[in-house]
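When we follow numbering that gives the first Met the number 0, the leftmost residue of the sequence shown carries the number 0, and every step to the right adds one.
For glycine and all other residues, C-beta sits at the position ideal for the given N, C-alpha and C.
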Amino acid sequence: MTSIQQELFALQDTGYRDFHARLIPTVPKESIIGVRTPALRKLAKAFAKTPEAEAFLLDLPHTYYEENNLHAFLLETRRDYAQLIEELNRFLPYVDNWATCDMMSPKLFKKHLPELYQQIPLWLQSQDVYTVRFAIGMLMQHYLDEAFLPEYPAVVAAVQSEEYYINMMIAWYFATALAKQYDAVLPYLLQHRLSPWVHNKTIQKAVESNRIPKETKQYLRTLKRK
0 MTSIQQELFA
10 LQDTGYRDFH
20 ARLIPTVPKE
30 SIIGVRTPAL
40 RKLAKAFAKT
50 PEAEAFLLDL
60 PHTYYEENNL
70 HAFLLETRRD
80 YAQLIEELNR
90 FLPYVDNWAT
100 CDMMSPKLFK
110 KHLPELYQQI
120 PLWLQSQDVY
130 TVRFAIGMLM
140 QHYLDEAFLP
150 EYPAVVAAVQ
160 SEEYYINMMI
170 AWYFATALAK
180 QYDAVLPYLL
190 QHRLSPWVHN
200 KTIQKAVESN
210 RIPKETKQYL
220 RTLKRK
């Protein structure tokens with residue numbers, strides 16, 4: 000066992016492992032150690048300052064779910080955009096679950112939104128489920144506020160997939176967009192520009208949101224498709 004695996008097992012919480020394993024069905028339970036996220040982030044912060052971290056980032060694929068999460072948190076410490084993209088492109092094909100995908104959010108992206116938007120279409124063309132999901136997640140996180148342009152939702156709506164975890168992220172994107180850019184994205188529901196499943200899941204998630212007024216939720220319920 001490597002030293003980093005020993006450190007992860009030293010932080011093991013078996014009760015948390017058993018609970019968390021039910022939330023990520025795409026990951027075998029034996030691949031989950033059971034380390035809570037705050038402890039893992041603390042470890043990543045300390046580990047990032049060591050020479051071993053660079054070797055760890057090159058050692059793919061990893062064995063354990065927490066190693067992938069540690070990898071994701073280490074990438075968040077990068078300060079060079081080109082290096083970050085290079086390392087993300089190496090890592091994303093090995094991401095095998097929604098949790099690792101969604102918790103990875105490099106702060107450096109906020110300083111490079113034009114460059115990031117040029118990268119996102121490349122990720123959207125990937126055959127890897129979680130690379131596509133990550134791309135949509137980045138559009139949701141960084142391009143629904145001040146950086147929003149009306150053509151951005153069309154990029155997400157154009158993604159056609161039978162993959163559950165991609166379609167869930169599309170629905171999450173449009174539900175969030177209804178909260179932030181309502182007038183721009185409502186036509187996607189009115190014109191049936193999303194698949195029926197994504198359309199209805201978008202409405203469900205919007206109705207569950209605390210950011211959408213009660214009256215709007217009532218109206219959105221009338222737009223459900225059979």
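Beta-carbon gap between Leu-87 and Leu-74 smaller than 8 Å: The residue given as residue 87 occupies position 88 in the sequence shown. The residue given as residue 74 occupies position 75 in the sequence shown. Yes, the Cβ-Cβ distance between Leu-87 and Leu-74 is below 8 Å.
Residues of its chain near Tyr-187, where Cβ-Cβ distance is below 7 Å and the 5 sequence neighbours each way are ignored: Working through the sequence shown from its first residue, we reach residue 187 at position 188. Within the same chain, Tyr-187 has close Cβ partners Pro-152, Ala-156, Phe-173 and Leu-193.
Separation of Leu-42 from Lys-48, as counted between CA atoms: In the sequence shown, counting from the first residue as 1, residue 48 sits at position 49. In the sequence shown, counting from the first residue as 1, residue 42 sits at position 43. One C-alpha to the other measures close to 10 Å.
Buried versus exposed call for Leu-112 [16 or more other C-beta atoms within 10 Å across all chains shown]: Counting from one through the sequence shown, the residue named residue 112 turns up at place 113. Burial call: exposed.
Own chain partners of Tyr-181 with C-beta closer than 7 Å, once the 5 adjacent residues on each side are dropped: In the sequence shown, the residue the question calls residue 181 occupies position 182. If we look at Tyr-181 and ignore the five residues flanking it on each side, it has no Cβ neighbours.
Closest Cα partner of Ala-178 within the set Asp-144, Val-154, Gln-124 and Leu-22: Start at 1 with the first residue of the sequence shown, and residue 178 comes out as number 179. If we check each option's Cα against that of Ala-178, Asp-144 comes out closest.
Buried versus exposed call for Leu-39 [16 or more other C-beta atoms within 10 Å across all chains shown]: Position 40 of the sequence shown, counting from 1, holds the residue named residue 39. Leu-39 comes out buried.
Leu-107 beta carbon less than 8 Å from that of Met-137: Residue numbering aside, residue 137 sits at position 138 when the sequence shown is read from its first letter. Residue numbering aside, residue 107 sits at position 108 when the sequence shown is read from its first letter. Contact: no.
CA nearest to the CA of Val-197, picked from His-141, Gln-159 and Gln-217: As a working note, residue 197 is residue 198 in the sequence shown. Taking only the C-alpha atoms, the option nearest Val-197 is Gln-159.
Environment of Lys-200 [buried if 16+ CB atoms lie within 10 Å]: Taking the first residue of the sequence shown as position 1, residue 200 is located at position 201. With 16 or more other Cβ atoms within 10 Å, it is buried.
Helix, strand or coil at Arg-132 according to DSSP, with G and I counted as helix: The sequence position of residue 132 within the sequence shown is 133, counting from 1. If DSSP states are grouped into helix, strand and coil, Arg-132 belongs with the helices.
Inter-stretch contact at 8 Å, needing at least 3 Cβ pairs: the stretch 95-103 / the stretch 16-26: yes
Terminal residues of the alpha helix (DSSP H) in which Met-167 lies: Walking along the sequence shown from the start, residue 167 turns up at place 168. In the DSSP assignment, Met-167 falls within the alpha helix (DSSP H) that extends over 163-179.
Reference Ala-183; option with closest CA among Arg-210, Leu-148 and Ile-165: The count along the sequence shown starts at 1 and reaches residue 183 at position 184. The option with the nearest alpha carbon to Ala-183 is Leu-148.
Pairwise C-alpha distance: Pro-195 and Trp-122: What you label residue 122 is simply residue 123 of the sequence shown in a count that begins at 1. What you label residue 195 is simply residue 196 of the sequence shown in a count that begins at 1. Cα-Cα distance, rounded: 24 Å.
Span of the alpha helix (DSSP H), counted from its first residue to its last, around Lys-204: As a position in the sequence shown, residue 204 is number 205, starting the count at 1. Unbroken alpha helix (DSSP H) run through Lys-204: 195-207.
Coil, strand or helix - Ile-119 by DSSP: Against the sequence shown, residue 119 aligns to sequence position 120. Here Ile-119 sits in helix by DSSP.
Straight-line gap, Phe-55 to Glu-150 (C-alpha atoms, nearest Å): Sequence index remark: in the sequence shown, residue 55 carries index 56 (1-based). Sequence index remark: in the sequence shown, residue 150 carries index 151 (1-based). Near 39 Å, if we compare the C-alpha coordinates of Glu-150 and Phe-55.
Distance, Thr-1 Cα to Pro-50 Cα: Against the sequence shown, residue 50 aligns to sequence position 51. Against the sequence shown, residue 1 aligns to sequence position 2. Going from the Cα of Pro-50 to the Cα of Thr-1 covers about 15 Å.
Cβ separation of Gln-11 and Gly-33, assumed to be a contact under 8 Å, to the nearest whole Å: Translated into positions along the sequence shown, residue 11 becomes position 12. Translated into positions along the sequence shown, residue 33 becomes position 34. Confirmed, Cβ separation roughly 5 Å.
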